[in-house]
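Protein chains in written order, with this note's numbering: chain X, 1118 to 1418; chain A, 816 to 1572. From the three backbone atoms N, C-alpha and C, an ideal C-beta is built for every residue, glycine too. Right, one structure below, let's go through it.
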């Protein structure tokens, strides 16, 4: 049986594909989007998070760490992430829940048990399971086994991907995927590479391949002020969508500030910390632009 | 959004003119309902107060002492006391007997004005409850038993949420009822049964006074017609006069008369002061509707509007729709739609507690329409209940299947067999979290070393509380038919007049179970589980230290409290702790069933709390589940506030594990943030899928609210601007700003399901 590393399971989601869904977040991502909303999912190994707001300052973590990686500096707990072995001992002793481990290694069976708990809700609502990340295709063997098991149990499956994977890998994964939630962030090659490390031609080719294969697709664009909140970009994406056959919906996802606290928990600086999410008016306008340029059914939130 | 209606519906100009007055009444607090204080909220009883507290008159209490339940009163307050000063009992002396009661009630009705407002087709409202005129007070022996129960962790006052069978009155008419009373009175006189004969004399007095009360409306309408210059208005008054004149004695002859009959019935019934439901409206009125439609004397729009008028008039009353018929087939009919459309056209500013009774064969379109209405107005209306589970639970109680099919949602979380039940439900309570705390104290004293030891102590405490409750109830049952007979209700019951006995009496042949609210289920479960894990299994904390921490309200024990909060909690679909919830529930279900009241019927629990959970915190103190005393307790069978972290589906799964078919009601409060139904999510289909899944798993009721915390906070700061937020608080809907401050806070702090991203 395959093992995988996950960060989170979110039940009762209504926004990641049709119906009521459970979203499984796999850890590990080859991209480095400047605005990443789930920074704890980037590395392929577990990481320690520390939430200063609920820490009660008992210092049990400092005493427990055999590597001496945790230090109190000016009232703040600093974890030396090079020394840290990610053993999770500090998490175990932490009474407040301020320290937590992002990244849990699980077997397909373990995860399947949880995913099937809401089967009746999926069936009634036309929902299912969405696998997100990180970039889930990085853990393709685990993912393939899991998808197969879900299909065996008649669960609708959606894959939330940046498309940044070799076609052979993607193709195999798609055998058990009913819907692809495909991220299309920018149509400017240079900017996309600069902001995310992603190769535009490569992901567009994959998108066309998916479209050819006949699987339903929802295209999603994160709208990030100053990066992807760009009328020309949205128009170009919409025109590209217009040429595809199996895109059922285009979603514009407003940048949200919830991610900020995750960077703090990881002792990482967030480049975009001072940025404001786009306004309702901007979102409405982009939606209209997308619609008038052939993107089909467009939603934003 | 799906639109299932074949035509576009909305209020007529006439209805639009009626609505503002009702909203104004709510703004002015004229429909607010009160307790005499915190204790009554928790124990559903307090020394000297057997009911909701009168708003006016010599038995009212100072404004600052009372607790506002919200705009949940059927009556329209006018702010001054009942004007009649010459109650017969003030001359002959107040006696605890039905005839003395009925003479006062007759005088009370005679001195109630008949008021008719412009543009009304359906008329009638009242300004005083009967206990604002005649004192509702039990003999002192009850106070002593009540105090004893409170100490043990229970309490109760007998005013009920039963459901009269209005089909009796709709077919007999008031004169027919009087004739029936006379027939039986003569029989009992002949037999020399003085008590029965006396009761029936009281009944005759009561029902004749109802006839005169309705005639008063006919006369009022006639006199208004005489001075009215507008032709249409004049014709309307004459029509009202004709309707009232006819139904004052005769059974209604058409749909409009039937609706007006129900309206008057509700008035005289609600004057007595309880929270009755009035049954399956789409069944009661179906034949009138079909007949009028066939004869072409009514339109669907007119039918809608007539029903909308009773909704506007009686925010506090309850009706049920759909369910199954006697053959257990779907009972949804055209009138079910009309009754729901009636709410749909008056919309979100108005709180109307109607319940749609889902079952596995329900007309899918109708149920979807119910979900659509719920989403469109975002006011928690209708509440959705599971007919199949309700029926099963009535049968589990011992109700015969030939009666059980007619089960009707009757308000809050309650349900009844119309006209065949007086189950003393609404205001009884066992505060199991208090029982638990008492057991916890004893466990520390006795140095208990095993979980089973604590469990046994807890079981004993619950039993003690139940015994104390039983003693109070039996004493109340002895006095109730004498102190506060519900003679009006008896007229719509199968067997009371025949037996010459009041609906509250023993030996009427109807079902008389005692239903008991349970306070603090999730807190008991979370406390027991935390102790099991941290004290007895992992030995991280000693029972003594935990006891100290709880007594200190966790001050200086924050580390321990956090440790406790990390332990799994009920409501997250985690079997280990949910199974304990099932064990706790099964215990009190079996225990209550093993005790009988003086009427020969057993006790039965309901996973519900009206308001006590929001008030009891500071009085009972902190609890071993890490809850500090300033926090509310969990409400009914719901998880503790803020502890459902795995989503609404997980919470539904947890709750559905409880044996809801063996209790008498247990609503899930589904508090959602608008983001849960973001653009592109198919809200109506989502609601339908969530609720159908929950019901198929055995859930019994869902109260769904869709409002953001931010908006509620703004409403607290600027109540006049946000006066129109309607929420389904627990068993009823209320305007948020009309709620007591403590209750507003409790409501805001409940777990709100939203979309994280």
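- In this structure, the beta-carbon distance from residue 1226(A) to residue 1194(A) does not fall below 8 Å.
- Interface residue (Cβ-Cβ distance to chain A less than 8 Å): residue 1258(X) is not classified as such.
- Within the segment 1340 to 1398 of chain X, the beta strand (DSSP E) runs of at least 3 residues that lie entirely inside it are, in chain order, 1364 to 1371.
- Under the three-state reduction of DSSP output, residue 1425(A) falls in the coil class, being neither helix nor strand.
- For residue 1374(X), the closest C-alpha among the options 1357(X), 1388(X), 1393(X) is that of 1393(X).
- A Cβ of chain X is located within less than 8 Å of the beta carbon of residue 1463(A).
- Within chain A, the C-beta atoms nearer than 8 Å to that of residue 1234(X) come from 1388, 1464, 1465, 1468, in chain order.
- Residue contact with chain A for residue 1380(X): absent (no Cβ-Cβ distance below 8 Å to any residue of chain A).
- Residues of the segment 1358 to 1378 of chain A that bring their beta carbon within less than 7 Å of a beta carbon in chain X comprise 1373, 1374, 1377, 1378, in sequence order.
- Nearest C-alpha to residue 1556(A) among 1459(A), 1377(A), 1192(A), 1430(A): 1430(A).
- Interface residue (Cβ-Cβ distance to chain X less than 8 Å): residue 1072(A) is not classified as such.
- Excluding the 5 residues flanking it on each side, residue 850(A) has same chain C-beta neighbours closer than 7 Å at 856, 867, 868, 881, 882, 884, in chain order.
- A straight-line Cα-Cα distance of about 15 Å links residue 1467(A) and residue 1480(A).
- Within chain A, the residues 1374 have their CB atoms less than 7 Å from the CB of residue 1175(X), given in chain order.
- Not a single CB atom of chain A sits nearer than 8 Å to the CB of residue 1405(X).
- Between the alpha carbons of residue 1499(A) and residue 978(A) lies a distance of about 31 Å.
- Between residue 846(A) and residue 1198(A), the gap from beta carbon to beta carbon reaches 8 Å or more.
- For the pair residue 1274(X) and residue 1252(X), the CB atoms are not nearer than the 8 Å cut-off.
- Listed by position along chain A, the residues whose Cβ is nearer than 8 Å to that of residue 1131(X) are 1491, 1492, 1493, 1496, 1501, 1570.
- Runs of the beta strand (DSSP E) lying entirely within the segment 1141 to 1192 of chain X and spanning at least 3 residues, in chain order: 1164 to 1167, 1187 to 1190.
- Residue state for residue 1193(A) is assigned as coil, using DSSP reduced to three classes.
- Membership of residue 1272(X) in any alpha helix (DSSP H) is not indicated, and neither H nor E is assigned to it by DSSP.
- The C-alpha of residue 1224(X) is placed about 12 Å away from the C-alpha of residue 1258(X).
- The C-alpha of residue 1176(X) is placed about 15 Å away from the C-alpha of residue 1184(X).
- An exposed status is given to residue 1190(X), since fewer than 16 other beta-carbon atoms sit within 10 Å of its beta-carbon.
- Taking CB atoms only, residue 1507(A) has a neighbour in chain X less than 8 Å away.
- Here residue 1370(A) is exposed: its Cβ has fewer than 16 other Cβ atoms, across all protein chains shown, within 10 Å.
- Counting every other CB atom within 10 Å of its CB across the protein chains shown gives residue 1215(A) a total below 16, marking it as exposed.
- Taking C-beta separations shorter than 7 Å and ignoring five residues to either side along the sequence, the partners of residue 1078(A) in its chain run 937, 939, 1125, 1128, following chain order.
- Across the set 1244(A), 1436(A), 1115(A), the C-alpha of 1115(A) shows the shortest separation from the C-alpha of residue 827(A).
- DSSP lists no beta-bridge partner residue for residue 1294(A).
- Under the three-state reduction of DSSP output, residue 1417(X) falls in the strand class.
- By the rule that beta-carbons nearer than 8 Å mark a contact, residue 1391(A) does not touch chain X.
- Rounded to the nearest angstrom, the Cβ distance from residue 1352(X) to residue 1374(A) is 56 Å, too far for a contact under 8 Å.
- Non-local beta-carbon contacts of residue 1303(A) in its own chain, meaning distances under 7 Å to residues more than five positions away in sequence, involve 1021, 1083, 1084, 1087 in chain order.
- Under a criterion of Cβ atoms nearer than 7 Å, the residues of chain X adjacent to residue 1381(A) are, in order, 1214.
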